[in-house]
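Asker: The structure follows.
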Amino acid sequence: MPSKFEAIMVGCGAMSAEWIRSAKELGIHISALVDLNLELARARASQFQLDARLFDNLDNAIQKVQAQVLFDCTVPSAHGEVDSKGLTNGLHVLEEKPLAMSLTEAYRLIDLAEKNKLVHAVIQNRRFHPGVRKIRRLLDRGLIGEITTVNIDFFVPAHFGGFREKMDSILLTDMAIHPFDTARYLTGANAESVYCEEWNPKGSWWQHGASAHAIFRMSGDIRCTFRGSWCSEGLRTPWDSVWRIIGTNGTICWDGLNDIRGEYANKEKAGEFFYETESFVPSEEPDPKEARGHFSVMYQFLRNIEEGIPAETRSADNIQSLAMVLGAIESAKVGQRVPISV
75 MPSKFEAIMV GCGAMSAEWI RSAKELGIHI SALVDLNLEL ARARASQFQL DARLFDNLDN
135 AIQKVQAQVL FDCTVPSAHG EVDSKGLTNG LHVLEEKPLA MSLTEAYRLI DLAEKNKLVH
195 AVIQNRRFHP GVRKIRRLLD RGLIGEITTV NIDFFVPAHF GGFREKMDSI LLTDMAIHPF
255 DTARYLTGAN AESVYCEEWN PKGSWWQHGA SAHAIFRMSG DIRCTFRGSW CSEGLRTPWD
315 SVWRIIGTNG TICWDGLNDI RGEYANKEKA GEFFYETESF VPSEEPDPKE ARGHFSVMYQ
375 FLRNIEEGIP AETRSADNIQ SLAMVLGAIE SAKVGQRVPI SV
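Under the working numbering, read the sequence shown as residues 75 to 416, first letter to last.
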């Protein structure tokens, strides 16, 4: 899709590189790079040979650069202020996850975007993994019947350093939103309640909440379980987790990489205790535009602006994924199941 957009990118840390690669491929011109540390902005401009103007202040960038789009790649605590400035000044905004630090702040951003007739969306790149899109197609075929249960395991002992190691509820806040969002995409369901425990295991190099277990009650009487840790050395899972999706007539498993396989019960062939099963695997490749992570999010964001086709990760929908995170954190604090309502 040819692009006619000029963009201001705010935040030039490690995450910004993938944003810039996708933006360049989509023909977006990065007109300005903004970072409190101008050396980071200068390094990104040099790395990607950008002719962008460099600023350490967003207000100055908005005043001096003619842009239509703002890319918010800042730390989570800055999203509310950065996005508000963009939306108030007539810029469509695509932001790094999470959408906001609270539902109140999320509602405010959604209302501001709606009031100004602007697109506001969130980077949820992992729902655009080829494996996720293949599984959704298999589920749509009804091979395993109605979904009843989703089990997710995430065990990645990441040593990032920097601000993340000082965050509260780090696993739930920084990473769990990806599998939570993917679970919503695969099931078509939203969370209604959650019970969660989070803790910081012995040996953790994180300040708070490096491990968590959660059980969500989803619409349609689906249960979704999540077990995860940022400090589980050895036998790590892929970044996209390991999945088991159970339906009324079968199961699909995914190793988080390339191995997707399923079985459904052939109820015309009953054994002594079990039905015989028929195996299946994906037979079709997903649309490349919808299975490329950051590129796909950005593609849908631009299409939403130009054609009015709602992006999957628009903030008005993504607030449901944020609510799962905030609900899990609240449950862990109070030690009991809590309702989730958006």
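Glycine included, C-beta positions come from ideal geometry on N, C-alpha and C.
(1) Can you tell me which of G330, Y373, E380 and R118 puts its alpha carbon nearest to the alpha carbon of V230?
(2) Would you kindly work out how many angstroms separate the C-alpha atoms of L144 and H166, rounded to a whole number?
(3) Nearest by alpha-carbon distance to K240: which of P150, N378 and E350 is it?
(4) Could you tell me the alpha carbon to alpha carbon distance between Q281 and T247, rounded to whole angstroms?
(5) With a threshold of 16 other CB atoms inside 10 Å of the CB of N392, please say whether the residue is buried or exposed.
(6) The alpha helix (DSSP H) that contains I370, what's its start and end?
(7) Just the Cα atoms here: how many angstroms apart are F122 and R200?
(8) Classify P76 as buried or exposed, calling it buried when 16 or more other Cβ atoms lie within 10 Å of its own Cβ.
(9) Measuring CA to CA, which of S120, S176, K191 and W304 is closest to Q273?
(10) Leaving out five residues on either side along the sequence, give the residues of the same chain with a beta carbon under 7 angstroms from the beta carbon of G324.
(11) Could you round the C-beta distance between A141 and A81 to whole angstroms and report it? I think they count as a contact, below 8 angstroms.
(12) If I measure Cβ to Cβ from I221 and keep anything under 6 angstroms in the same chain, skipping five residues before and after, which residues do I get?
(13) Using CA atoms only, rank isn't needed, just tell me which of S267, I289 and Q198 is closest to S370.
(14) Residues bridged to T223 by DSSP?
(15) From the DSSP output, read off the bridge partner residues of M292.
(16) Since I believe P362 is in contact with F300 (beta carbons under 8 angstroms), could you give me their beta-carbon distance rounded to a whole number of angstroms?
(17) Taking only three categories from DSSP, how would you classify P76?
Answerer: So, to answer that:
(1) Of the candidates G330, Y373, E380 and R118, the one whose C-alpha sits nearest the C-alpha of V230 is G330.
(2) 6 angstroms
(3) Nearest to K240 by alpha-carbon distance, out of P150, N378 and E350, is P150.
(4) Going by C-alpha positions, Q281 is about 13 angstroms away from T247.
(5) Buried, because 16 or more other Cβ atoms sit within 10 Å of the Cβ of N392.
(6) Rather than Ile, the amino acid found at residue 370 in this sequence is Ser. Looking at the DSSP string, the run of the alpha helix (DSSP H) that includes S370 is H368 to E381.
(7) Cα to Cα, the separation comes out at about 24 angstroms.
(8) For P76, the predicted model reports a pLDDT of 48, less than 50, meaning its position is unreliable; a value from the coordinates is still stated below. By the neighbour-count rule (16 or more Cβ atoms within 10 Å), P76 is not buried but exposed.
(9) The question names Gln, but residue 273 in the sequence shown is Trp. Ranking S120, S176, K191 and W304 by Cα distance to W273 puts W304 first.
(10) L217, I218, G219, G336, E337, Y338 and A339
(11) Their Cβ separation, rounded to whole angstroms, is 6 angstroms, which keeps A141 and A81 in contact under 8 angstroms.
(12) T261, I296 and G321
(13) Q198
(14) R297 and I320
(15) BP columns for M292 point to A265 and I296.
(16) Contact between F300 and P362 is absent: CB atoms are separated by about 29 angstroms, not below the 8 angstroms threshold.
(17) With a pLDDT of only 48 at P76, under 50, the local geometry of the prediction cannot be trusted, and no value is derived from it.
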